[in-house]
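Here is the structure we will look at.
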């Protein structure tokens, strides 16, 4: 099989989600760790416009950039091995809608938390969002284990890969996002997704997150 | 055929791109004009999370929101009539990458232009971006008429529907974005796309844009 390379850093949720899907689809790949403080020539040549990771490189193909685009690409080249999007167009649209929501509304609150003066206000916003995500989970999972139903799907990947950072911020800012009382279904889901074999080895440990956090704050 | 409704406003490029694809795919629809200063109950019930247009409503289906997601949805329900995405996964990924780029980097500069104190700086940025888009056009079109080649494709829709606003800002701020010297290929493309039969009747006239602009500035 032709070699696939993934340029990224182990601490990035956006990179982790690509790794998760590569594992789900049993696609072998070589991980190339990037130093974002000093980006490699390969990174700059592969994504000259955004200069961002993740980047997927496949022989004789142009580089594929941006996590959600890479995931759609992997789904298209390997549609039969662990499909992560449902077959029905309206269900696919709903998955994409909530993925955008998580990326553009939920995740940015954590960035806000790092810089905010009024941290309690941001924490309250995150808690409110987590309760909305609980409702989304209840609808999508329909009593089953994952957003994707019986199997890990698109939103399990998108939200699941962010859990390392969720826990990091919970500890640092002394609060809990997905808890047994407010978001009981998601609290169970967190345990389930973190023990999934395709994500084990992908989720970064706390020391890696701390290094990344300190570099970003500089 | 079951009825399709589109909630939007005639002045929105994001709504226009859905109309363009509906026309390309010969899908009949009923347009429901929204007053964004006083959003309808139907809008709020259909997209309670973002409260934004465009929204596509199809009988017995959940509402589909966000322009790029709606376009993918239309492509999936009518894949054989005027496909706008190419069949090869890496080409599809490239289309999605540049659509995101246009939405997240190019369009926001026009918003910046409306509010900026230092307008000349923003104008220079827009000019620089237009030259990058000229390069993208040359690569995608490969000597043919459109980003999509011989036929209107995804990026023709995404960028094409913004041309009403481009011209509006050009006139208001006395500069030219796509011109014969700096961006000769795109300058030709502008004329070609604006005379395409599927976009005629969709592109808003200047008075509609002015009303919208004044409402947004309030």
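Protein chains in written order, with the UniProt record's numbering: chain A, 1 to 218; chain B, 1 to 218.
For every residue, glycine included, the Cβ atom is placed at its ideal position computed from N, Cα and C.
In this text the structure is predicted, and so the values were computed from the model without any measurement.
Q.
Would residue 126(A) and residue 109(A) qualify as a contact pair, given that the criterion is a beta-carbon distance under 8 angstroms?
A. Yes, the pair counts as a contact, with Cβ atoms nearer than the cut-off.
Q. For residue 212(A), which residues of its own chain have a beta-carbon under 6 angstroms away from its beta-carbon, when the five flanking residues on both sides are left out?
A. Here the set comprises 11.
Q | Close beta carbons around residue 133(A), own chain, < 8 angstroms, minus the five adjacent residues each side | A | Cβ within range, chain order: 102, 106, 159, 183 and 186.
(Q) Here's a check: name, in chain order, each residue in its chain whose Cβ is nearer than 6 angstroms to the Cβ of residue 176(A), leaving out the five neighbours to either side. (A) Annotation for residue 176(A): 170 place their beta carbon closer than 6 angstroms to its own, counting only its chain and skipping 5 residues before and after.
**Q.** N-terminal and C-terminal residue of the beta strand (DSSP E) that residue 164(B) is part of
**A.** Run containing residue 164(B): none in the beta strand (DSSP E); it sits in the alpha helix (DSSP H), 163–173.
(Q) Let me see if you follow: with CB-CB separation under 8 angstroms, is residue 100(A) close to chain B or not? (A) Residue contact with chain B for residue 100(A): present (Cβ-Cβ distance below 8 angstroms to some residue of chain B).
Q: Can you pull the chain B residues whose beta carbon is under 7 angstroms from the beta carbon of residue 219(A), in chain order?
A: Not covered by the structure: residue 219(A). The range shown for chain A is 1 to 218.
Q) Tell me which same chain residues have a C-beta within less than 7 angstroms of the C-beta of residue 173(B), skipping the five on either side of it? A) Cβ within range, chain order: 113, 119 and 123.
Q: Would you check if the distance between the CB atom of residue 163(A) and the CB atom of residue 190(A) is smaller than 8 angstroms?
A: In contact: residue 163(A) and residue 190(A) (Cβ atoms closer than 8 angstroms).
Q) Residues bridged to residue 149(B) by DSSP? A) According to DSSP, which records beta bridges pairwise, residue 149(B) is partnered with 146(B).
**Q.** Neighbour-count burial assignment, residue 81(B), 16 or more Cβ in a 10 Å radius
**A.** Exposed: under 16 other Cβ atoms inside 10 Å.
Q.
With a threshold of 8 angstroms, are at least 3 pairs of Cβ atoms found where one atom belongs to the segment 66–79 of chain A and the other to the segment 24–35 of chain A?
A. The segment 66–79 of chain A vs the segment 24–35 of chain A: in contact.
Q: Let me know the secondary structure DSSP gives residue 127(A) once reduced to three states.
A: Looking at residue 127(A) - three-state DSSP - the assignment turns out to be helix.
Q.
Taking the straight line between their C-alpha atoms, what separation do you get for residue 45(B) and residue 32(B)?
A. Spanning the alpha carbons of residue 45(B) and residue 32(B) requires a straight line of approximately 15 angstroms.
(Q) Please tell me whether residue 92(B) has its Cβ less than 8 angstroms away from any Cβ of chain A. (A) With its beta carbon less than 8 angstroms from one in chain A, residue 92(B) belongs to the interface.
Q: Could you tell me which chain A residues have their CB closer than 9 angstroms to the CB of residue 62(B), listed as they occur along the chain?
A: Here the neighbours are 90, 91, 93 and 94.
Q. Expressed to the nearest angstrom, what Euclidean distance is found between the alpha-carbon atoms of residue 147(B) and residue 208(A)?
A. The alpha-carbon atoms of residue 147(B) and residue 208(A) are separated by roughly 42 angstroms.
Q) Quick one, which residues of the UniProt domain "GST C-terminal" (88–214) of chain A are near chain B if we go by CB-CB under 7 angstroms, in chain order? A) Result list: 89, 90, 92, 93, 94, 96, 97, 100 and 101.
(Q) Quick check on this structure: which residue in 85(B), 41(B) and 13(B) has the alpha carbon closest to the alpha carbon of residue 199(B)? (A) Comparing alpha-carbon positions, the option among 85(B), 41(B) and 13(B) lying closest to residue 199(B) turns out to be 13(B).
Q: Taking the CB atoms as reference points, tell me whether residue 21(A) and residue 55(A) lie closer together than 8 angstroms.
A: Judged by their CB atoms, residue 21(A) and residue 55(A) are not nearer to each other than the 8 angstroms cut-off.
Q: Classify residue 196(A) as buried or exposed, calling it buried when 16 or more other Cβ atoms lie within 10 Å of its own Cβ.
A: Classification of residue 196(A): buried, given that the 10 Å Cβ count is 16 or more.
(Q) Taking a contact to mean a Cβ-Cβ separation below 8 angstroms, would you say residue 96(B) touches residue 84(A) in this structure? (A) Cβ distance not < 8 angstroms, so residue 96(B) and residue 84(A) don't count as in contact.
Q: Run down chain B in chain order and give the residues with a C-beta less than 9 angstroms from the C-beta of residue 77(A).
A: Here the neighbours are 89 and 90.
Q. If we call anything under 8 angstroms between Cβ atoms a contact, is residue 36(A) one with residue 9(A)?
A. The answer is yes: Cβ separation under 8 angstroms.
Q.
I need the DSSP call for residue 6(B), collapsed to helix, strand or coil.
A. In the displayed model, residue 6(B) falls within a strand according to three-state DSSP.
(Q) Please identify, using Cβ separations under 7 angstroms, the residues of the segment 26–50 of chain A that lie next to chain D, in order along the chain. (A) Checking the listed chains, one finds no chain D in this structure; the protein chains it contains are A and B.
Q: Give me the Cα-Cα distance between residue 23(A) and residue 139(B), rounded to the nearest whole angstrom.
A: So the alpha carbons of these two residues sit roughly 33 angstroms apart.
Q) Cβ of residue 84(B) less than 8 angstroms from any chain A Cβ? A) So, not an interface residue.
Q | Buried versus exposed, by CB contacts within 10 Å (16 or more), residue 38(A) | A | Its Cβ having fewer than 16 others within 10 Å, residue 38(A) is exposed.
Q. Counting contacts by CB-CB distance shorter than 8 angstroms, is residue 69(A) in contact with chain B?
A. For residue 69(A), the answer is yes, since a Cβ of chain B falls inside 8 angstroms of its Cβ.
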